[in-house]
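2 protein chains.
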Amino acid sequence: MSTGLTSLAAWRALAEHRRTQAFDLRELFDSDPARFRKYTISQGELLLDFSKHYLDGRTLELLVALADARGLREWIRKLVTGERINVTENRPALHTALRSTRPVLLDGRDITQDVVRVRAQMRRFSDVLRQGTLKGATGQAFTDVINIGIGGSDLGPALAVEALAPYAAKRPRVHFMSNVDGAHVDAILAVLDPKTTLAIVVSKTFTTQETLTNARSVRTWFENAVGKDSGHFAAVTANVEAAHGFGIDDERIFEFWDWVGGRYSMWSAVGLPIAIAAGMDAFEAMCEGAREMDEHFTMAPFGANMPAIMGLLGVWYGDFFGRTAHAVLPYDMRLKRFPDYLQQLEMESNGKGVTREGEAVDYDTCPVVWGSPGTNGQHAFYQMLHQGTQVVPADFVVCAKPNHALPAHHEILLANCYAQSEALMRGKTAEEVRAELQAQGLSATEIARLTPHKVFPGNRPSSTIVLDSLTPRALGALIALHEHKVFTQSVIWGINAFDQWGVELGKKLADRILPELADNAPIGSHDSSTRGLIEYTRSRR
Amino acid sequence: MSTGLTSLAAWRALAEHRRTQAFDLRELFDSDPARFRKYTISQGELLLDFSKHYLDGRTLELLVALADARGLREWIRKLVTGERINVTENRPALHTALRSTRPVLLDGRDITQDVVRVRAQMRRFSDVLRQGTLKGATGQAFTDVINIGIGGSDLGPALAVEALAPYAAKRPRVHFMSNVDGAHVDAILAVLDPKTTLAIVVSKTFTTQETLTNARSVRTWFENAVGKDSGHFAAVTANVEAAHGFGIDDERIFEFWDWVGGRYSMWSAVGLPIAIAAGMDAFEAMCEGAREMDEHFTMAPFGANMPAIMGLLGVWYGDFFGRTAHAVLPYDMRLKRFPDYLQQLEMESNGKGVTREGEAVDYDTCPVVWGSPGTNGQHAFYQMLHQGTQVVPADFVVCAKPNHALPAHHEILLANCYAQSEALMRGKTAEEVRAELQAQGLSATEIARLTPHKVFPGNRPSSTIVLDSLTPRALGALIALHEHKVFTQSVIWGINAFDQWGVELGKKLADRILPELADNAPIGSHDSSTRGLIEYTRSRR
């Protein structure tokens, strides 16, 4: 079945271009000394270097033609003006409104007024928590905050709280409880005092199984220590009534709205833990950085448009080179949760096999997005990036300036980051290896034996994103950059990036299995594996 | 160029088998009610269910024939008896000797005597630390231990310390400092008191750039607080002299040997932080669990051999179905570092493109290994696992019994784990979706519009590994299982799993770039991107 994409002239031209060009990176650099200047984009506190890619002037032209043919400009307009582009759920996807400085009308109402109102509520609440003037049931100030949420109610805030650690007040400390695993709950509660702990229950629907299960266990933990007291809870939700029913006071309920998708929600009240940890000013600076990226995405021509270029490169590798994985390699320990964050953002948005209209696609969509911080990864999986049989395009992310007091460490970090992309691109030929081994005085036999193991094929593409430093503004821009990269890809692929039907079936089957795990409970109809696992588990305890 | 593998009769039979069979999992289960019984292996405290795979009796027979044709049995013998199978470095790979209860001769010497000696030293040291009788320069007991190491000197110990948290003494707490990023160093030192902190420097060569840089910064931090005092350091290394030169006392230097590979070293003195955190008895029980798996791997026929089956399944998907990624999904927050650990174990061992003899391979080797704990992943990337265009074979790992006091949470965790593999396997047909939407009373138009979005293709394969509970013994077996899975694959692919030449080039280039980052320093010859990045960085600070 064809969705139209692969029969577009722009698509066919790209296929032909890919077939007829060699895309040898060493050669592309040798033949054009201006390559770095041509293929970098600077925006706000960010630089994107996309010169180490299988790309020349013609490639860029064709990729931009593809974006035009798919109406990317018009889709961006629909996104930011609140059209109901989440067609299967009949909703807009208005995360950009959360950081807009201009009115955004939805059904004739300016929704940014709601945003302003909730932001004021966030500021008041985070201020008194940080000042230590908000007290718990026993009259003590709160020393610790637990964010109880999973997926979009966890990954974004956890990323930002860690990234902005240098901006954090000493108190309260913020903890993230996501997994329904009792070990996760246990490990967090074990080190906290219920008398000085506040918990925020974060769930758009206020029905998320993990979050509500964890919230109830935390409520019991509070009640055992201080009795029934609603003052140790706050909630962030679109279902105010349910939060109220859980026993949370109205002024502690922070609203967000069904026009905000979970994985795009850290700019809403879901960002409350960021405001508590790093301060409301930092949270607002983060939103401001994102807003600047929104404007860049909306205004810049696609050939010089950071998110558009990154999105198009992903399509180029995935659909024309058969690349099925994409590595994210932050050279910054404070961004260590960034790959996890992007896994949800990209794979939950675009990990789909049908178009908006419900046609099966006849091309590949979202790759596996994975990675971990450098230099750690160098001592783990980089062997495969350099010499494995599979080419994995990669994004390096690094800061020019550190925000700690060990500058010599930062120089080593930077040198390693730039060296890795250089090594992936250049590789090392058999001639270069032989010359080196000869210089070391090895025998001809040894040289012949070792050379093939020390050859690096090279020609492995990567981008490098340089942040001036890890400020709230740069962080906001970095995240919005990736939101719009994902949106660009969804437009090319014709996918609705804002639903997630693929999570429903597992939930439903889990509800069936749960009662069957009890001793002697009847087990319904399953395949022999599922049934066997249930029986085996019952037999082992 | 052919390496012989793809022209083997067993290989060609597998290719033919793959071409002529449908491998429809629903059908395989429907047609054979004994499937679970046939395709599970129980060993020690572990169960492997491999029934949800593209596999029938004939497949298993052919995979075993492939293992036989590649001489797997003989290679296992070479591995455990200490032949120099790391041919490029002319060394044996004797991690099994670290947990052996029988003598292992190397060049005529029983090396298990060295193991026993160092284990006794580890017990003495971890005991006095746990008892609080070992004192620092100011006469106070140590409350905290920093493990300074990266790669194999970090990932295994960090995994085990977290997994065995319920066995941990309250003091000392163990911290892991791996990244050269000053932010990592800063974050750890900020919460510790140098007077009550001990640091272990872990590096096989004692030259690892990150580890030595971090160790020197920690030494300065000690010296500023307590003056020069060697009593706050220990070392784990194969280079005793260098550790001594760093200023560490002989009785605080724990030796390991060049016959232990970094990523296989947690069973050696590299496991010292495990002994400190969870106790030497727990460390030895972990080794015992690994030893039992070694025996199983050595003795069990390949058709009922856990590591061999897991290894062969990876080859089956990678080389006959074009699968390029493998997901590891532990339903256990205490195993959250397991995917990171496996990334090194698998991708550094088998992420290679030449055989032992230096021939380029003409087949795919190591996939991208990635994943994160359930249920968190369900709210992040599972959308793509269920409905994406790429099929990613997955391993689920879960414990029958929890070791915390919230059993209701554990039931939900288990139900979700089993539901996910069921959902991946069964999927949901358009007929099933339509029936469900009809039952909900939707209009025909709505049903037609929504159905394609709610269809799950299914037929997505996975294994499930059930541990009785997360004991040291089960953990040891789980890790050894994966070591031998990786070894099995290396034998099939004809790869030396024990070298890592792919990490050399980046290191060398980093040494060149490091001085060039200084203001006004001359910049040598680079491509315009690398040069541009260096200049840009200099300009931004």
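The listed protein sequences derive, respectively, from chains C and F. Each residue of the first sequence is one higher than the last, beginning at 112 in my numbering. Each residue of the second sequence is one higher than the last, beginning at 112 in my numbering. Backbone N, C-alpha and C fix where the C-beta goes; we use that ideal spot for every residue, glycine too. All of these numbers come straight from a predicted model, not from anything done at the bench.
DSSP three-state assignment for residue i, whether helix, strand or coil
i                : result
leucine 245/C    : coil
asparagine 258/C : strand
threonine 540/C  : coil
alanine 346/F    : strand
methionine 391/F : helix
methionine 288/C : strand
tryptophan 481/F : strand
leucine 303/C    : coil
glutamate 366/F  : strand
valine 577/C     : strand
serine 153/F     : strand
histidine 437/F  : strand
Spatially closest choice to residue i from the options, by CA coordinates
i                : options                                   : result
glutamate 273/C  : Leu581/C, Gly342/C and Met536/C           : Leu581/C
arginine 282/C   : Glu352/C, Val239/C, Val313/C and Pro268/C : Val239/C
valine 544/C     : His490/F, Leu616/F and Lys565/F           : Leu616/F
leucine 159/F    : Thr575/F, Asp167/F, Asn527/F and Pro484/F : Thr575/F
tryptophan 295/C : Pro633/F, Arg330/F and Pro484/F           : Note that residue 295/C corresponds to histidine in the displayed sequence, not to tryptophan. The residue with the shortest Cα to Cα distance from histidine 295/C is Pro484/F.
arginine 402/F   : Gln154/F, Arg148/F and Asp255/F           : Gln154/F
cysteine 398/F   : Met410/F, Phe147/F and Trp378/F           : Trp378/F
alanine 326/F    : Thr316/F, Ile311/F and Gly182/F           : Ile311/F
aspartate 610/C  : Asp369/C, His595/C, Val229/C and Ala386/C : Asp369/C
alanine 121/C    : Glu156/C, Leu136/C, Arg169/C and Leu440/C : Arg169/C
Euclidean distance between Cα positions of residue i and residue j
i                   : j                   : result
alanine 585/F       : leucine 383/C       : 40 Å
glycine 605/C       : glycine 372/C       : 19 Å
alanine 279/F       : alanine 388/F       : 5 Å
valine 226/F        : leucine 217/F       : 13 Å
leucine 548/F       : valine 502/F        : 27 Å
glutamate 395/C     : aspartate 292/F     : 27 Å
leucine 275/C       : leucine 592/C       : 18 Å
arginine 234/F      : glutamine 242/F     : 12 Å
glutamate 366/F     : glutamate 194/F     : 22 Å
serine 640/F        : glutamine 600/F     : 37 Å
glycine 569/F       : arginine 123/C      : 31 Å
leucine 644/C       : phenylalanine 507/F : 12 Å
phenylalanine 287/C : asparagine 527/F    : 21 Å
proline 626/C       : proline 518/F       : 13 Å
arginine 642/C      : alanine 345/F       : 51 Å
lysine 461/F        : glycine 182/F       : Per the sequence shown, residue 461/F should be read as asparagine rather than lysine. Computed Cα separation, rounded: 18 Å.
glutamine 420/C     : phenylalanine 413/C : Here residue 420/C is isoleucine; the residue named in the question, glutamine, does not match the sequence. The straight-line gap from Cα to Cα measures roughly 7 Å.
Cβ-based neighbour list, residue i, same chain, cut-off 6 Å, excluding 5 preceding and 5 following
i                : result
alanine 174/C    : In the sequence as displayed, the identity of residue 174/C is leucine instead of alanine. Closer than 6 Å at the Cβ level, and outside the excluded window around leucine 174/C, lie Leu423.
threonine 207/C  : Val191 and Asp405
glutamate 459/C  : Arg374 and Gln611
asparagine 201/C : Arg195
Own chain partners of residue i with C-beta closer than 7 Å, once the 5 adjacent residues on each side are dropped
i                   : result
glutamate 457/C     : Cys477, Val480 and Val597
alanine 415/C       : Ile152
glutamate 522/F     : none
phenylalanine 134/F : Tyr165
Beta-carbon proximity list for residue i, same chain, < 8 Å, skipping 5 on both sides
i               : result
proline 305/C   : Trp332, Phe333, Asn335, Ala336, Val337 and His343
glutamate 646/C : Ile634
Problem set entry | Residues of the segment 448-459 of chain C whose Cβ lies closer than 7 Å to any Cβ of chain F, in chain order | Asp451, Gln454, Gln455, Met458 and Glu459
Problem set entry | Short-range partners of chain F found in the segment 602-615 of chain C, where Cβ spacing is below 9 Å | Asn607, Asp610, Gln611, Trp612, Gly613, Val614 and Glu615
Problem set entry | Residues of the segment 477-493 of chain F whose Cβ lies closer than 9 Å to any Cβ of chain C, in chain order | Cys477, Pro478, Val479, Val480, Trp481, Gly482, Ser483, Pro484, Gly485, Thr486, Asn487, Gly488, Gln489, His490, Ala491, Phe492 and Tyr493
For this session: Below 9 Å between beta carbons is the criterion; list the residues of the segment 620-644 of chain F that meet it against any residue of chain C, in chain order.
Result: Within the segment 620-644 of chain F, those residues whose Cβ lies closer than 9 Å to any Cβ of chain C are, in chain order, Leu620, Ala621, Asp622, Arg623, Ile624, Leu625, Pro626, Glu627, Leu628, Ala629, His637, Asp638, Ser639, Ser640, Thr641, Arg642, Gly643 and Leu644.
For this session: With 8 Å as the C-beta to C-beta threshold (strictly closer), list the residues of the segment 397-429 of chain C near chain F in chain order.
Result: none
Problem set entry | Chain-ordered residues of the segment 323-349 of chain F with a beta carbon less than 7 Å from chain C | Residues Thr324 and Ser328.
For this session: Would you list, in chain order, the members of the segment 350-372 of chain C that have their beta-carbon closer than 8 Å to a beta-carbon of chain F?
Result: Per Cβ criterion, the list is empty.
Problem set entry | Within 7 Å of chain F by C-beta, residues of the segment 283-294 of chain C in sequence order | From the segment 283-294 of chain C, only Ser289, Asn290, Val291, Asp292, Gly293 and Ala294 have a Cβ closer than 7 Å to chain F.
Exercise. Given a limit of 9 Å on CB to CB distance, which residues of the segment 522-544 of chain F reach chain C?
Worked result: Glu522, Ile523, Leu524, Leu525, Ala526, Asn527, Cys528, Tyr529, Ala530, Gln531, Ser532, Glu533, Ala534, Leu535, Met536, Arg537, Gly538 and Lys539
Problem set entry | chain C contacts from the segment 496-525 of chain F (Cβ-Cβ distance under 8 Å) | Leu496, His497, Gln498, Gly499, Thr500, Gln501, Val503, Ala511, Lys512, Pro513, Asn514, His515, Ala516, Leu517, Pro518, Ala519, His520, His521, Glu522, Ile523, Leu524 and Leu525
For this session: Could you please tell me which residues of the segment 300-323 of chain C, in chain order, have their CB closer than 7 Å to any CB of chain F?
Result: Gln320 and Glu321
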